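Written out below as structure tokens is the structure these notes cover.
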Amino acid sequence: MAKEVTSRSENYSQWYNDLALKADLAEQSAVRGCMVIKPYGYAIWEKMQSVLDSEFKKTGVQNAYFPLFIPKSFFSREAEHVAGFAKECAVVTHHRLMNDPDGNGVVVDPEARLEEELIVRPTSETIIWNTYKNWITSWRDLPILCNQWCNVVRWEMRTRLFLRTAEFLWQEGHTAHATAEEAEAKANEMVKVYADFARNVMALPVIVGHKSPNERFAGAIDTLTIEAMMQDGKALQAGTSHFLGQNFAKSFDVTFTNKEGKQEYVWATSWGVSTRLMGALIMAHGDDNGLVLPPKLAPIQVVMVPIFKTDDEHDAIIAKFGAIKAALEAKGVSVKIDDRDTLRPGFKFAEWELKGVPVRLAMGGRDLAAGTVEVARRDTLEKSTENTEGIDAYIVELLEKIQQNIYDKALAHREANVEKCDNWEEFKEKIQTGKFLLCHWDGTTETEQAIKDATKATIRCIPVDSYVCEEEGKCIFTGKPSHRRVVFAISY
RNA sequence: CGGGGUGUGGCGCAGUUGGCUAGCGCAUCUGGUUUGGGACCAGAGGGUCCUGUGUUCGAGUCACAGUACCCCGACCA
Numbered sequence: 013m014a015k016e017v018t019s020r021s022e023n024y025s026q027w028y029n030d031l032a033l034k035a036d037l038a039e040q041s042a043v044r045g046c047m048v049i050k051p052y053g054y055a056i057w058e059k060m061q062s063v064l065d066s067e068f069k070k071t072g073v074q075n076a077y078f079p080l081f082i083p084k085s086f087f088s089r090e091a092e093h094v095a096g097f098a099k100e101c102a103v104v105t106h107h108r109l110m111n112d113p114d115g116n117g118v119v120v121d122p123e124a125r126l127e128e129e130l131i132v133r134p135t136s137e138t139i140i141w142n143t144y145k146n147w148i149t150s151w152r153d154l155p156i157l158c159n160q161w162c163n164v165v166r167w168e169m170r171t172r173l174f175l176r177t178a179e180f181l182w183q184e185g186h187t188a189h190a191t192a193e194e195a196e197a198k199a200n201e202m203v204k205v206y207a208d209f210a211r212n213v214m215a216l217p218v219i220v221g222h223k224s225p226n227e228r229f230a231g232a233i234d235t236l237t238i239e240a241m242m243q244d245g246k247a248l249q250a251g252t253s254h255f256l257g258q259n260f261a262k263s264f265d266v267t268f269t270n271k272e273g274k275q276e277y278v279w280a281t282s283w284g285v286s287t288r289l290m291g292a293l294i295m296a297h298g299d300d301n302g303l304v305l306p307p308k309l310a311p312i313q314v315v316m317v318p319i320f321k322t323d324d325e326h327d328a329i330i331a332k333f334g335a336i337k338a339a340l341e342a343k344g345v346s347v348k349i350d351d352r353d354t355l356r357p358g359f360k361f362a363e364w365e366l367k368g369v370p371v372r373l374a375m376g377g378r379d380l381a382a383g384t385v386e387v388a389r390r391d392t393l394e395k396s397t398e399n400t401e402g403i404d405a406y407i408v409e410l411l412e413k414i415q416q417n418i419y420d421k422a423l424a425h426r427e428a429n430v431e432k433c434d435n436w437e438e439f440k441e442k443i444q445t446g447k448f449l450l451c452h453w454d455g456t457t458e459t460e461q462a463i464k465d466a467t468k469a470t471i472r473c474i475p476v477d478s479y480v481c482e483e484e485g486k487c488i489f490t491g492k493p494s495h496r497r498v499v500f501a502i503s504y
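If you want it as structure tokens, here you go:
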């Protein structure tokens, strides 16, 4: 059992862990490497889902569902892809239990061995392409744009709440196209959806870019990523979108007849984000008082705490709160009146701060007499007293300000920790202190690997929309010529 | 899988060279007073000390084995 850590600087990992548990987002599961997502945490995930889902649909994507179990033989197709996951697969070998002949509980019935083992999906490319094969015969069947919301299992050696759990929830989109151009455009479109979501909804500044061949998704031709900086300066891959070329189509023999009547392999993409985004939210915005939720993801955007001495006072405050609540809800704001009579106001303040509620209203006898309410913002911890008249409009505006401020703060933190670096000795030192370093790289996997071995740092991405730095220079490690800088960092 | 750490009421911990009926804080329950930043007083309930084996007159404490969790690595679209 780990001791509780209350400060970010004390031990970042443990602070993160404690915060996720104490803010009521999740708890440790009895099952190795798994977690229980509690109602409050799940409510945030549902918000993420609903926003993303509607964005997907705007691009023509439809939801579908494919099986949890994948026959082992499906995995013998795409060699490179399988090699990427083989080491971390859960395998179903039997279908029945029986009473232990020795009298202790139950054992696996040896008679019930499956003829072919089933793999619990670590990702669904194989089963989906096996299915698409039957759906596609003509150019008229294309494109196919499917997404599924589901769980996947990866038997990781070391797990971390939200960031790398044995089982996690995610969304995986899989598309099939008639041309390479169309597929590449789709991969680009989806990474843009992720970047917009991260920036505008999660208040998370991200760098969009290409993965180096070394860091690419197993089986992909190109992987696009959104990379975020956490408060300790480490990088977190928050979402990816892959252009798969014809690799999967060839492995699963998915062809179509084109307009000229010729057989052709289809072109593919896949893209996904997971409950890891929850981890990003905690690590990017949290402080020592707890979670800081961007208003657009907060299940409760405004909490109201009454401070009263008598029943009459209580009733008068609750009535006022009720009126404000109705006005706010009419404007689409989610509100909770914390009317629990067993807890004191100070306790409630601390509790809602821990849970990251963006705005807190407190009203007591003094406010009642003056027609005011105390407004506290979670992001800055500032308090002010405002007239209740027109408070709904004030709060709607405040929520927007908070959303923007959380983003600006995270962006400022990143800007302060991104720098160019052209000296290998300097690189080795600086990279350990939580920086993103923009460096020249000779483009070879060997060099990237050597840098990783020496410093644990990897190329997070070759940026395309921020920190783009197309200039001539020399590789930081080998000194060979380079045409652009790439982002190096230590990652989660 | 390697290194380190920790398993004692719901949670966080203390427990001396092995010794008497296993303690403390928080939480819970009852009663009362309180309520503008995690309330106070009084009382009550709640524990196979992770599991097994061993050493011993005697084990929460010592030894060995197992197991679970946490941290650091290795690993990780």
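In this note's numbering, the protein residues as written are 13 to 504. For glycine and all other residues, C-beta sits at the position ideal for the given N, C-alpha and C. Being a predicted model, the structure only gives us computed values, none of them experimental.
Give the C-beta separation of Ile-139 and Phe-86 to the nearest angstrom, bearing in mind that I take them to be a contact with Cβ-Cβ under 8 Å.
-> Residue mapping note: residue 139 aligns to position 127 of the first sequence, counting from 1. Residue mapping note: residue 86 aligns to position 74 of the first sequence, counting from 1. 6 Å between Cβ atoms; contact.
Inter-residue Cα distance where the pair is Thr-397 and Ala-382 | Taking the first sequence and counting its residues from 1, one reaches residue 397 at position 385. Taking the first sequence and counting its residues from 1, one reaches residue 382 at position 370. If you take the alpha carbons of Thr-397 and Ala-382, they lie about 10 Å apart.
Count the other C-beta atoms from every protein chain shown that fall within 10 angstroms of the C-beta of Val-48, then say buried if there are 16 or more, exposed otherwise.
-> By one-based count along the first sequence, residue 48 stands at place 36. With fewer than 16 Cβ atoms within 10 Å of its Cβ, Val-48 is classed as exposed.
Residues of its chain near Asn-512, where Cβ-Cβ distance is below 8 Å and the 5 sequence neighbours each way are ignored = Residue 512 lies beyond the stretch modelled for the chain, which goes from 13 to 504, so this question has no answer here.
Cα separation between Cys-487 and Glu-431?
-> Taking the first residue of the first sequence as 1, we reach residue 487 at position 475. Taking the first residue of the first sequence as 1, we reach residue 431 at position 419. Cys-487 and Glu-431: Cα-Cα distance of roughly 16 Å.
Would you say Asp-391 and Ile-414 are within 9 Å of each other, going by their C-beta atoms?
-> Sequence index remark: in the first sequence, residue 391 carries index 379 (1-based). Sequence index remark: in the first sequence, residue 414 carries index 402 (1-based). Yes, Cβ-Cβ distance for Asp-391 and Ile-414 is below 9 Å.
Going by C-alpha distance, which of Gly-455, Leu-154, Pro-493 is nearest Thr-269?
-> One-based indexing of the first sequence puts residue 269 at position 257. The shortest C-alpha separation from Thr-269 is found at Leu-154.
So, helix, strand or coil for Ile-329, using DSSP?
-> Within the first sequence, the letter at position 317 stands for residue 329. Ile-329 falls in the helix class under three-state DSSP.
Beta-carbon spacing of Ser-263, Glu-129 below 9 Å | If you number the first sequence from 1, residue 263 lands on position 251. If you number the first sequence from 1, residue 129 lands on position 117. No. Outside cutoff.
Bounding residues of the beta strand (DSSP E) (the contiguous stretch that carries Glu-201) = Residue 201 sits at position 189 when you count from the first residue of the first sequence. Glu-201 -> not in any beta strand (DSSP E); alpha helix (DSSP H) instead, spanning 192-208.
First and last residue of the beta strand (DSSP E) that includes His-254?
-> By one-based count along the first sequence, residue 254 stands at place 242. That run of the beta strand (DSSP E) goes 247-257.
Grab the span of the alpha helix (DSSP H) containing Asn-399 for me, first residue to last.
-> The sequence position of residue 399 within the first sequence is 387, counting from 1. It is not in any alpha helix (DSSP H) - Asn-399 instead sits in the beta strand (DSSP E) that spans 395-399.
Would you mind reading off the limits of the alpha helix (DSSP H) that contains Arg-288?
-> For this step, residue 288 is matched to residue 276 along the first sequence. Looking at the DSSP string, the run of the alpha helix (DSSP H) that includes Arg-288 is 288-297.
Write down the C-beta distance between Val-315 and Asp-350 rounded to the nearest angstrom, noting that I regard them as a contact closer than 8 Å.
-> Position 303 of the first sequence, counting from 1, holds the residue named residue 315. Position 338 of the first sequence, counting from 1, holds the residue named residue 350. Their Cβ separation, rounded to whole angstroms, is 6 Å, which keeps Val-315 and Asp-350 in contact under 8 Å.
Starting from Asp-234, follow the beta strand (DSSP E) in both directions and report where the run begins and ends.
-> The residue labelled residue 234 in the question sits at position 222 within the first sequence. Counting along the chain, the beta strand (DSSP E) containing Asp-234 begins and ends at 234-241.
Three-state secondary structure (DSSP) at Val-408?
-> On the first sequence, residue 408 is found 396 positions in, with the first residue counted as 1. Val-408: helix per DSSP, three-state reduction.
Between the region 298-308 and the region 29-48, do at least 3 Cβ pairs fall closer than 8 Å?
-> yes
Distance between beta carbons of Pro-225 and Thr-457, contact taken as under 8 Å | For the purposes of this step, residue 457 is taken as the residue at position 445 of the first sequence. For the purposes of this step, residue 225 is taken as the residue at position 213 of the first sequence. Contact flag correct, Cβ pair sits at about 6 Å.
With 16 other CB atoms within 10 Å as the buried threshold, where does Ser-62 fall?
-> Taking the first sequence and counting its residues from 1, the one referred to as residue 62 is at position 50. Burial call: exposed.
At what residues does the beta strand (DSSP E) containing Gln-183 begin and finish?
-> Mapped onto the first sequence, residue 183 falls at position 171. First-last of the beta strand (DSSP E) with Gln-183: 179-189.
Taking the alpha-carbon positions, what's the Gly-455 to Thr-467 distance?
-> Working through the first sequence from its first residue, we reach residue 455 at position 443. Working through the first sequence from its first residue, we reach residue 467 at position 455. Using only the alpha carbons, I get a separation of about 18 Å.
Pull up the DSSP beta-bridge partners for Val-387, would you.
-> One-based indexing of the first sequence puts residue 387 at position 375. DSSP lists Leu-373, Ser-396 as partners of Val-387.
Hey, Val-285 and Gln-183: beta-carbon distance below 9 Å or not?
-> Sequence index remark: in the first sequence, residue 285 carries index 273 (1-based). Sequence index remark: in the first sequence, residue 183 carries index 171 (1-based). Taking 9 Å as the Cβ cut-off, Val-285 and Gln-183 qualify as a contacting pair.
Nearest to Val-120 (by Cα), restricted to the options Thr-135, Val-104, Ile-131, Lys-198 | Counting from one through the first sequence, the residue named residue 120 turns up at place 108. Among Thr-135, Val-104, Ile-131, Lys-198, the Cα nearest to that of Val-120 belongs to Val-104.
Separation of Arg-288 from Glu-201, as counted between CA atoms | Residue numbering aside, residue 201 sits at position 189 when the first sequence is read from its first letter. Residue numbering aside, residue 288 sits at position 276 when the first sequence is read from its first letter. Roughly 21 Å between the two C-alpha positions.
Three-state secondary structure (DSSP) of Trp-453 | In the first sequence, the residue the question calls residue 453 occupies position 441. Trp-453 falls in the coil class under three-state DSSP.
Looking at C-alpha atoms only, which residue of Ala-261, Gln-258, Ala-232, Arg-211 is the closest neighbour of Ile-238?
-> Numbered from 1 along the first sequence, position 226 holds the residue referred to as residue 238. With distances taken between Cα atoms, Ile-238 lies closest to Arg-211.
For Arg-497, the three-state DSSP class (helix, strand or coil) = Start at 1 with the first residue of the first sequence, and residue 497 comes out as number 485. Strand at Arg-497.
Report buried or exposed for Met-13, applying the criterion of at least 16 other Cβ atoms within 10 angstroms of its Cβ.
-> Residue mapping note: residue 13 aligns to position 1 of the first sequence, counting from 1. Because Met-13 sits at a pLDDT of 42, beneath the cut-off of 50, its placement in the model cannot be relied upon, and the point is left open.
Separation of Trp-453 from Glu-179, as counted between CA atoms | On the first sequence, residue 179 is found 167 positions in, with the first residue counted as 1. On the first sequence, residue 453 is found 441 positions in, with the first residue counted as 1. Cα to Cα, Glu-179 sits roughly 36 Å from Trp-453.
Give the DSSP-derived three-state secondary structure of Ser-224 in the structure shown.
-> As a working note, residue 224 is residue 212 in the first sequence. Of the three classes helix, strand and coil, the one that applies to Ser-224 here is coil, per DSSP.
Find out if the Cβ-Cβ distance for the pair Lys-204, Val-220 is shorter than 9 Å.
-> Translated into the one-based positions of the first sequence, residue 204 becomes position 192. Translated into the one-based positions of the first sequence, residue 220 becomes position 208. Going by C-beta atoms, Lys-204 is nearer than 9 Å to Val-220.
Which listed residue (Leu-236, Glu-22, Phe-359) has its alpha carbon closest to that of Asp-477 = Position 465 of the first sequence holds residue 477. That would be Leu-236, whose Cα lies nearest to the Cα of Asp-477.
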